[in-house]
Each structure stands twice: as C-alpha cells, then as structure tokens.
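In our numbering, the protein residues as written are 114 to 470.
All C-beta atoms in this analysis are idealised placements derived from N, C-alpha and C, irrespective of residue type, glycine included.
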C-alpha cells in the first residue's frame, strides 16, 4: 500500500517538531495495529510495517495452519492456507496481507484519531527523552501564567508547558507572566492516565537547585577541583552547603564565596536573598559538625558512644542563640547537613529559657 501523502505529512512533522522519522513510524505502526485489531477481537495477530524510503505501508495478520479450526481469528485450515501459500501444511504460520481497500477503510473509519494519538505519543516520547537528559539539572523556564488564587504557575520549558506548584516555589518570591526563572527538574515519569506528555516534577525549593547553581557559578566545582559534599535547605530562608577540595592549595570555601563575595552573592540574588552558609567538609565528624554550626563558634564536640550518630556540642553562652538559630533553624540545618543528631549546650551548662529550640 503506497501512501505518499501520509509520509509527506510525517516528513513535515519531522522537520517542524524535530521528531525522528523512525519514532513517528513506530507511533503510526502502533496506532494502525491498535485500530485494526478491533476487527479481530483485539487478538495479537495484526502487524504493520512502514517503509519511509518506499513510502509504503504493509498490514497483515498471522494465522496458524491447523487440522481443525478452533479460533477463526487465529486459525486456518490447510485448504484455506493454500490460497495464500500453495505449499502450506499443518504447523505453518501464514501471513495474510490486508488489501489496500480494507486497510484504507479501517484507517478512514477508526485510524485517523488513533494515528493522531500515535503522533502525539511520539512527540511526548521525544519530550520525555529531553527531560530525562536534564533530570536532576537546572533549566531556564518562562512563566506563562499564574493562578491568581492558588499561585500555581505554568512555565514553558522549550516546547513543553509544565506546572510549578506554589509548594515548589520560593516562599518570598512573586512570579509574573513573562519572567525567566531557573527551575530544577526533580523527576521525570510516564504520563498518568488523562494527562498529555511525561510527568515532570520541577522545583525551586529543592536543595539540588542550589547545588546546580553553585556548579554553574563556581569554575572549581564545575572542573572537579572543589566538590559539594552535602546541601541542606529551607527554601527562601537559609541554605547550608558543605564543600571540599583534595587539593591543599585550594580554599574550597573561598572559591565558592568568590572575590568580594561575588559568586555566592549572585546565587543569593537569584534566590531572592536566601542566606547561604558555606562550610568546609571534613571526614572527621567532630570537625564537620563544628563547621556546620557556622556562624556560631564551637568549643567542643563529644560523640555519644551509646547512640547512633549522636553528639553533644558545647558553645559559648553568648553563642547559644546563634548556634541554635531562630526557631532552631541553624541547628536543624546543621543536623540535616551532617546526618548527625546534635545536642547543643552552653559552656556554663545553664540553658537560657528565652532560647527557642
């Protein structure tokens, strides 16, 4: 069956939407088979071959040659089979090509919608591949619209439109149509029933966003000289990031701060003033825990041998509030950063009752 018009349409789709011809053909094959199978009680006996070079479509059914027909959809007698293959005998599999008129009728009656769906699926597959290529990365998105009540936004990423829910937006930011923002692709999955295209989770609150921003702004991180060991974040308020360099001549913290704070300052601006503490990572838990409580000073760190990853930290009395932070934020972020349970005590042993834990 020659169908030049269909293949011309596919070539245009390939050029306009960048969908490879083999992906489009696969979608069309699936669509035609799905449509025609309905005439065979949805049995898996229908097959389709597309040849873009010859611009031909071949649709056929495979049936078993048997001595006694049990299922007319799947079986043929020897006499019936020999009409298609004179040498047919019991046990053979016969391919019966559907006539052009029959295929055309089915395609006209049932196939158009399914073929369009196949093309959409092919395009969605391409989008899924694109998003998978950028999974766990940051991309630039354009705000398309914002719901005035829920504040959920729709953003454009390339040719796709994805939701950026209010819960994934930085608390103190206001998104407006036309704004260009950085978003983190936190996950890509197949579409749910009734939804077009892959399910993409995008976020501006994810710790990965901060990590990727530092990779883009700090050359030493990009080239591997400085390594980000851990990130803990409360979006819109504060982030702690632990960095390390195996090169003794490289100041990992200084590299991330940049000349006169230029590098970290640029990231803070992109995050609407979110505070960022950059601390030096150490394989020594005591050193790492002490550094994680910055900007507070630490007198000592004592590991609790009777509990898993638990410690007690002593700080100067006047540093207690700073170590704990507003509503416990500094201590909370330090615990997430290190993976340790941290019990903070003042040097005098007397806890200020006014401090909120």
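In this chain, the beta strand (DSSP E) harbouring residue 163 covers 159-164. A direct Cα-to-Cα measurement between residue 164 and residue 119 gives close to 12 Å. Residue pairing by DSSP places residue 266 opposite 259, 277 in a beta bridge. Here residue 404 is not near residue 414, since their CB atoms are 7 Å or more apart. Going by C-alpha positions, residue 293 is about 10 Å away from residue 270. Residue 354 and residue 407 have their alpha carbons spaced roughly 11 Å apart.
Fully enclosed alpha helix (DSSP H) runs of no fewer than 4 residues occupy 332-335, 365-370, 375-383 of the region 330-398, in order along the chain.
Residue environment for residue 263: exposed (fewer than 16 other C-beta atoms within 10 angstroms of its C-beta). When the alpha-carbon of residue 442 is set against those of 388, 431, 255, the nearest one is in 388.
In the three-state scheme derived from DSSP, where H, G and I count as helix and E and B as strand, residue 459 is classed as strand. Residue 412 is not a Cβ neighbour of residue 326, given a cutoff of 7 Å. Around the beta carbon of residue 462, a 10 Å sphere encloses fewer than 16 other beta carbons of the protein chains shown; the residue is thus reported as exposed. Contact annotation: the region 444-458 touches the region 393-403, with at least three C-beta pairs closer than 8 Å. Inclusion of residue 197 and residue 206 in the CB contact set at 7 Å is not warranted, their separation being larger than that value.
In this structure, the straight-line span from the alpha carbon of residue 123 to that of residue 378 is close to 49 Å. Residue 132 carries a coil assignment under DSSP once its states are collapsed to helix, strand and coil.
For residue 460, same chain residues with a beta-carbon under 8 Å away, outside a window of 5 residues either side, are 412, 427, 428, 429, 430 in chain order. Straight-line measurement puts the Cα of residue 169 at about 53 Å from the Cα of residue 334.
Assignment of beta-bridge partners to residue 300 by DSSP yields 314. When C-alpha distances from residue 272 are compared across 281, 244, 284, 249, the shortest belongs to 244. Here residue 173 has 160, 208, 209, 210, 211 as same chain residues with Cβ atoms under 7 Å from its own Cβ, once five neighbours each way along the sequence are excluded. In the DSSP assignment, residue 445 falls within the alpha helix (DSSP H) that extends over 442-451. Put simply, of 385, 127, 151 the residue whose alpha carbon is nearest the alpha carbon of residue 352 is 385. Residue 200 has its alpha-carbon roughly 39 Å from the corresponding atom of residue 121. The secondary-structure analysis by DSSP pairs residue 293 across a beta bridge with 255. Beta-bridge analysis with DSSP links residue 411 to no other residue. Counting of Cβ neighbours within 10 angstroms places residue 135 among the exposed residues, the total staying below 16. In this structure, residue 251 sits away from residue 277, with a CB-CB distance that is not shorter than 7 Å. In this structure, DSSP gives residue 434 a helical state, which the three-state scheme calls helix. In this structure residue 320 touches residue 346 by the C-beta definition: roughly 4 Å separates them, less than 8 Å.
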